[in-house]
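Enquirer:
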Amino acid sequence: MSKWAWMQESRRDAQAKGDRERLRMMRVGDEAWGYRESDPARAQALYEEGLRRARQLGEPWWEMYYAQRRLQALMLWRYCYGDALGLAVESALDARKPQYASYPHLFDVYFHLVMAYVGVDPAGYAAEIGQAIGSLERDVPRFDSDGFLIEFAKREFALWVNDLEAAEQSAWRALRLAEEGVSRSTADYFLAFVYADLCAVDFKRADTEALAEHAAAGEEKARQSGQQLQISECQLWQALLARQAGDEARAHALRLSAVARVNRLKQPPVQRWFDALCAWSLYENDLPAALGVRDQELAAIVGHGQLAYEVYCQVERCRLLAMMGRPLDEGMAAAREAAGKLKNPAPRLAELDAIVEGEGGPP
Amino acid sequence: MTERQRFNLHLPGLLKVLAEHLYTSKKVGVRELIQNAHDSCIRRKIEKAEPDYRPRIDVRLDAPRRTVTITDNGNGLTEEEIGTYLSTIGRGYTRELRERLALCSPDEAAELIGQFGLGFLSAFLLASEVTLTTRSVHGGPALRWYSVGDEHYDLSQTDRAAVGTSVQLKIKPAASFILNERTLVETVRTYADFLPIPIYVGDDEYPVNLTMPPWEADDPERAVLDYIARAFQGAKPLCVMPLHDAKVNVGHDTLTVPLKGFLFVPPATQASVREFGDLTVYIRRMFICERERDLLPPWARFVRGVIECPLLQPTASREGIHQDENFESVRQALEDQLGEGLRRLAREDPSTWKRVVRGHSDVIIGWAVTDNEFFERVADIVTFRTTRGPLSLPEYLGQSGGNLYYVTRELGSLQEQLLAEGRNVPAIEAVWFSVTPFLEKYAQRHPETRLVQLDGEAAQLMRPAPEGPFAALLDWYREQDIRIRMASFKPAEAPALMLYPQGAELAREAEASRQAGDLPGPLAGLVHEYVEQKFGDGDELRGTLYLNATNPLVRRLAEKPPERETLGAVLTLVHQTARLFAGRMLSAADAVGAFGELSASLERLVKP
Numbered sequence: 013m014s015k016w017a018w019m020q021e022s023r024r025d026a027q028a029k030g031d032r033e034r035l036r037m038m039r040v041g042d043e044a045w046g047y048r049e050s051d052p053a054r055a056q057a058l059y060e061e062g063l064r065r066a067r068q069l070g071e072p073w074w075e076m077y078y079a080q081r082r083l084q085a086l087m088l089w090r091y092c093y094g095d096a097l098g099l100a101v102e103s104a105l106d107a108r109k110p111q112y113a114s115y116p117h118l119f120d121v122y123f124h125l126v127m128a129y130v131g132v133d134p135a136g137y138a139a140e141i142g143q144a145i146g147s148l149e150r151d152v153p154r155f156d157s158d159g160f161l162i163e164f165a166k167r168e169f170a171l172w173v174n175d176l177e178a179a180e181q182s183a184w185r186a187l188r189l190a191e192e193g194v195s196r197s198t199a200d201y202f203l204a205f206v207y208a209d210l211c212a213v214d215f216k217r218a219d220t221e222a223l224a225e226h227a228a229a230g231e232e233k234a235r236q237s238g239q240q241l242q243i244s245e246c247q248l249w250q251a252l253l254a255r256q257a258g259d260e261a262r263a264h265a266l267r268l269s270a271v272a273r274v275n276r277l278k279q280p281p282v283q284r285w286f287d288a289l290c291a292w293s294l295y296e297n298d299l300p301a302a303l304g305v306r307d308q309e310l311a312a313i314v315g316h317g318q319l320a321y322e323v324y325c326q327v328e329r330c331r332l333l334a335m336m337g338r339p340l341d342e343g344m345a346a347a348r349e350a351a352g353k354l355k356n357p358a359p360r361l362a363e364l365d366a367i368v369e370g371e372g373g374p375p
Numbered sequence: 003m004t005e006r007q008r009f010n011l012h013l014p015g016l017l018k019v020l021a022e023h024l025y026t027s028k029k030v031g032v033r034e035l036i037q038n039a040h041d042s043c044i045r046r047k048i049e050k051a052e053p054d055y056r057p058r059i060d061v062r063l064d065a066p067r068r069t070v071t072i073t074d075n076g077n078g079l080t081e082e083e084i085g086t087y088l089s090t091i092g093r094g095y096t097r098e099l100r101e102r103l104a105l106c107s108p109d110e111a112a113e114l115i116g117q118f119g120l121g122f123l124s125a126f127l128l129a130s131e132v133t134l135t136t137r138s139v140h141g142g143p144a145l146r147w148y149s150v151g152d153e154h155y156d157l158s159q160t161d162r163a164a165v166g167t168s169v170q171l172k173i174k175p176a177a178s179f180i181l182n183e184r185t186l187v188e189t190v191r192t193y194a195d196f197l198p199i200p201i202y203v204g205d206d207e208y209p210v211n212l213t214m215p216p217w218e219a220d221d222p223e224r225a226v227l228d229y230i231a232r233a234f235q236g237a238k239p240l241c242v243m244p245l246h247d248a249k250v251n252v253g254h255d256t257l258t259v260p261l262k263g264f265l266f267v268p269p270a271t272q273a274s275v276r277e278f279g280d281l282t283v284y285i286r287r288m289f290i291c292e293r294e295r296d297l298l299p300p301w302a303r304f305v306r307g308v309i310e311c312p313l314l315q316p317t318a319s320r321e322g323i324h325q326d327e328n329f330e331s332v333r334q335a336l337e338d339q340l341g342e343g344l345r346r347l348a349r350e351d352p353s354t355w356k357r358v359v360r361g362h363s364d365v366i367i368g369w370a371v372t373d374n375e376f377f378e379r380v381a382d383i384v385t386f387r388t389t390r391g392p393l394s395l396p397e398y399l400g401q402s403g404g405n406l407y408y409v410t411r412e413l414g415s416l417q418e419q420l421l422a423e424g425r426n427v428p429a430i431e432a433v434w435f436s437v438t439p440f441l442e443k444y445a446q447r448h449p450e451t452r453l454v455q456l457d458g459e460a461a462q463l464m465r466p467a468p469e470g471p472f473a474a475l476l477d478w479y480r481e482q483d484i485r486i487r488m489a490s491f492k493p494a495e496a497p498a499l500m501l502y503p504q505g506a507e508l509a510r511e512a513e514a515s516r517q518a519g520d521l522p523g524p525l526a527g528l529v530h531e532y533v534e535q536k537f538g539d540g541d542e543l544r545g546t547l548y549l550n551a552t553n554p555l556v557r558r559l560a561e562k563p564p565e566r567e568t569l570g571a572v573l574t575l576v577h578q579t580a581r582l583f584a585g586r587m588l589s590a591a592d593a594v595g596a597f598g599e600l601s602a603s604l605e606r607l608v609k610p
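Next comes the structure, spelled out in structure tokens:
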């Protein structure tokens, strides 16, 4: 049975029997999906409602389904990784029970386990994550759009460990997948993320031509699938490029539009967004503004369990402080403390030492 | 060279679009025709001002001939009006009349419903043929209009004495469900219950619709309760909050939101999941939709209601509402009134407020975690399941001395309960995932309150005891490789308790999974990586036996130890009893082994 077929069959069955309680339980997920960008906390609460209802109705597959959706909301919409890893491990162990033997969404369970590690400390667990992604691809039954999820996991991991080549290769594979018989709406949804990641690669490589192409394509896909954050990211890249091309009016208009859209959403933006915002400020050498961006970024992520991201942000802050000739003590202390929580803090500590020595390089 | 062309209309195609994409139900055809009939009566009232005019609508079913006929004694139509409005798609007389009236007679304008000029077409959702006969109040011959839903219609003069209009639908096979009087009555009630014009179905001498919303009845409180009983098939609600016009801040200005209706809290029930947060919405007394969930705040899952608000804009199908600025204003008005209503209830009728919160505890706990203001309102009232029955947090803290002791597993294990009761404190059952965050939020707001998770931190209910006097007992246990500690705890009757760290079951499952090899290797690696990070070498996962220094048996064994074999048998009994009593971390094989050791020890003790 395909990934979604059992859900459709469940709904038809409940409809035929006039079972309003079950129908309500099944539909609450649709309601939650609509809030993923505008109010992810509400989306999570709705998934918890679904989980409660499924448990009370004695529906283990729906219970597992909503447990995974809840994890998705926690990790991928709210970026709260503190409890996510424990929950992901629990689900993975739960999924071994006999009632889940033919559960069609098993892939999601292991995907979330992998993404929990990617979100917490990708470099520290690089070997384990790499092998787990390989296992996800090889050993776990897949349906429908799961291929996009595998490439998403590969890309996110590759970007975090700065393997731009691997991230790019994954993006090309995802683009090919989009031509292989998935529905247009599914393809557009995932391609928005693919292009957003390609923009991150292009930016790190300073490839403005590719960045322009991918930002435009990404914005189109994001508009087609209604993904506001990705629209904003792509607009911000295009704003940066417009500025570099000397078109200040277009640059500011794009930036304003992007920022206004992000401010309306409650889903926090990702690292790419802050990198782009920082680059905007650095373009005119406005170091205080760039520092302000990193402060804003840090406030959004600190305490949410994204250990590696927190350290990255702290290191970038220290770089800016060093460039501004401001005292480093406080920033360094915070950065070292954050780095101490990583599985392998040595590389980051070395970066911090280099900054102290004046060899840290530009942000 | 540019040429101006005319669009062609393919009526059957348009009807297909209406049927398949605009309307969700064929019953909407009845709604639209009743609405037209209603507007026709209002038109006559407005345009003719006859003091003895008594508007009425009749719905008649002729099942053998497969017809349903809707008749009104309204304005009727002239030939010109038929050509201009009835047979011109998208041009509705009612909308134009309302626009004309809006400036000089807004009250009369507000009575009219029709808007899009599409309604009459919906008759073809039900009918293969539509015959309209009409005589205008303004004079002229009676007319017959007939169509089978293609691009043509027939128009002729006919015999009809009465002023008004009749629309006869020849029901098509796919809509046969409507050829049932009960269905017609329910359909009329669903869509037109509040319309002021009486609607009669069949030969019934009484109208089937209420003709007014319950809040406009002479005894609105009684009428609302009766309506709730009829429309929601439920028992008496815990409370009802009437709605009223409200002023809402819209930035630079305030907007008056005309709002009528009521909100209510259904009674609690153990029988099924009760989460609502939905409204039945009327616009200009016409039913638009039920189970609208976006108008109430998300935490209001224990509330239902019926609202009437002309500010809301229906979609083209009039089965939904546009979520525009007016929608936001209405939502704000509802949230304000609901909040004020609940605050007033808490203030003026605290016992009912308590029944509301406690009757819907599960729902309220879940949503209060995500809404600070709502949390503040319910934090001290909502009850939790504890070892001493349902208690609110202030009641609980009065018994616990200021700490919140909770277990995240079902209150089946007596272990933590025993310890808690030994310290004369109840334990809160925090199995539902929303309970722990609620308790955490409460503790944050009350810094003097400490949270203690008993499954994992139960040792906090014990006091350390010196090992010296009990060295012989401790040495015996250590020789058996049993993790052992001395402690003082209540009840003194318990010689020992076996405690495991939080998450021990997870670690055990992970180990079982590793041995079974039932997770793909690298994915299992991620699981074990987590377990190792959390539990280190895992020694504490075996559990720790806490020997009770206050227990008379333990003290006696320490003060006057018996010969070694007997000592061993007794200490084995103490250990295995504690393991079995803990009820955790024991497989069936472990339990069999434990019973085996118990039996062997007892045999050694009773041997002659």
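If you read the sequences in order, they're chains P and S.
Residues in the first sequence are numbered consecutively from 13, following the numbering used here.
Residues in the second sequence are numbered consecutively from 3, following the numbering used here.
Glycine included, C-beta positions come from ideal geometry on N, C-alpha and C.
None of the values given here were measured: they were computed from a predicted structure.
#1: Could you please tell me which residues of the stretch 520-531 of chain S, in chain order, have their CB closer than 8 Å to any CB of chain P?
#2: Based on the DSSP output, what are the partners of G391/S in its beta bridges?
#3: I believe L105/P touches V529/S by the beta-carbon criterion, under 8 Å. Please report the beta-carbon distance rounded to the nearest angstrom.
#4: What first and last residue would you give for the alpha helix (DSSP H) that runs through Q80/P?
#5: From the beta carbon of R295/S, is the nearest beta carbon of chain P less than 9 Å away?
#6: Under 9 Å between C-beta atoms, does S147/P make it to chain S?
#7: Got a sec, what are the start and stop residues for the alpha helix (DSSP H) K353/P sits in?
#8: So is L277/P in contact with chain S if we call contact Cβ pairs under 9 Å?
#9: Using a C-beta to C-beta distance shorter than 7 Å, which residues of chain P count as neighbours of P299/S?
#10: G370/P: which of F169/P, P359/P, D287/P and R338/P sits nearest, CA to CA?
#11: List the DSSP bridge partners of G307/S.
#12: T579/S: which of R137/S, L604/S and E188/S sits nearest, CA to CA?
#13: Taking CB distances under 9 Å as the criterion, tell me whether T372/S reaches chain P.
#14: Quick one: Cα of D351/S to Cα of G322/S, how far?
#15: If you draw a straight line from the alpha carbon of L203/P to that of F160/P, how long is it in whole angstroms?
#16: Which residue from R390/S, F440/S, A551/S and P524/S puts its Cα closest to that of M464/S?
#17: Name the chain S residues whose beta carbon is nearer than 7 Å to that of D151/P?
#18: Assign P375/P to one of two classes, buried (16 or more other C-beta atoms within 10 Å of its C-beta) or exposed (fewer than that).
#19: Along chain P, in chain order, which residues have C-beta atoms closer than 7 Å to that of S436/S?
#20: Using a Cβ-Cβ distance under 9 Å, would A272/P count as near chain C?
#21: Indicate the three-state DSSP secondary structure (helix, strand or coil) for V132/S in the structure shown.
#22: Taking C-beta to C-beta, are R80/S and S42/S nearer than 9 Å?
#23: I want to know whether the stretch 533-552 of chain S touches the stretch 431-443 of chain S - three or more CB-CB distances under 8 Å.
#24: Look up G166/S in the DSSP assignment and give the residues it is bridged to.
#25: When the Cα atoms are used, what is the spatial distance from A351/P to C325/P?
#26: R154/P versus chain S: which residues are under 8 Å apart at the beta carbon?
#27: I162/P CB to nearest chain S CB: under 9 Å?
#28: Quick one: residues in its chain with C-beta nearer than 7 Å to the C-beta of L573/S, no 5 flanking neighbours on either side, listed in chain order?
#29: Ends of the beta strand (DSSP E) at S490/S?
#30: Between the stretch 78-93 of chain P and the stretch 272-292 of chain P, can you find at least three pairs of beta-carbon atoms closer than 8 Å?
#31: In terms of residues, what are the limits of the beta strand (DSSP E) holding P244/S?
#32: Relative to chain P, which residues along the stretch 164-195 of chain S have a C-beta separation below 9 Å, given in chain order?
#33: Taking A1/S as the reference, give the member of K47/S, A302/S and S124/S with the closest Cα.
#34: In the structure shown, what three-state DSSP assignment does G414/S receive?
#35: Going by beta-carbon coordinates alone, are Q80/P and S103/P separated by less than 9 Å?
#36: Nearest to V165/S by CA position, among A348/S, K47/S, P239/S and Q517/S, is which residue?
Expert: Looking at the coordinates:
#1: D520, L521, P522, G523, P524, L525, G527, L528, V529 and E531
#2: T389/S
#3: 7 Å
#4: P72 to Q84
#5: yes
#6: yes
#7: Counting along the chain, K353/P falls outside any alpha helix (DSSP H), and DSSP gives it neither H nor E.
#8: no
#9: The premise fails here: P299/S is roughly 10 Å from chain P at the closest Cβ pair, so nothing lies under 7 Å.
#10: R338/P
#11: L265/S and L281/S
#12: L604/S
#13: yes
#14: 36 Å
#15: 9 Å
#16: A551/S
#17: P522
#18: buried
#19: E60
#20: Judged by its chain identifiers, the structure shown contains no chain C, and its protein chains are P and S.
#21: strand
#22: Before going on, a small fix: residue 80/S reads as Thr here, not Arg. No; because the gap between Cβ atoms is not below 9 Å, this pair is not in contact.
#23: no
#24: R137/S
#25: 11 Å
#26: Chain S residues near R154/P: none, gap ~13 Å exceeds 8 Å.
#27: no
#28: L475, W478 and Y479
#29: I486 to S490
#30: yes
#31: C241 to P244
#32: none
#33: Residue numbering for chain S in the displayed model covers 3 to 610; residue 1/S lies beyond these limits and cannot be assessed.
#34: Per-residue confidence for G414/S stands at a pLDDT of 47, beneath the threshold of 50, marking its modelled position as unreliable; the derived number appears in the next sentence. Three-state result, G414/S: coil.
#35: yes
#36: K47/S
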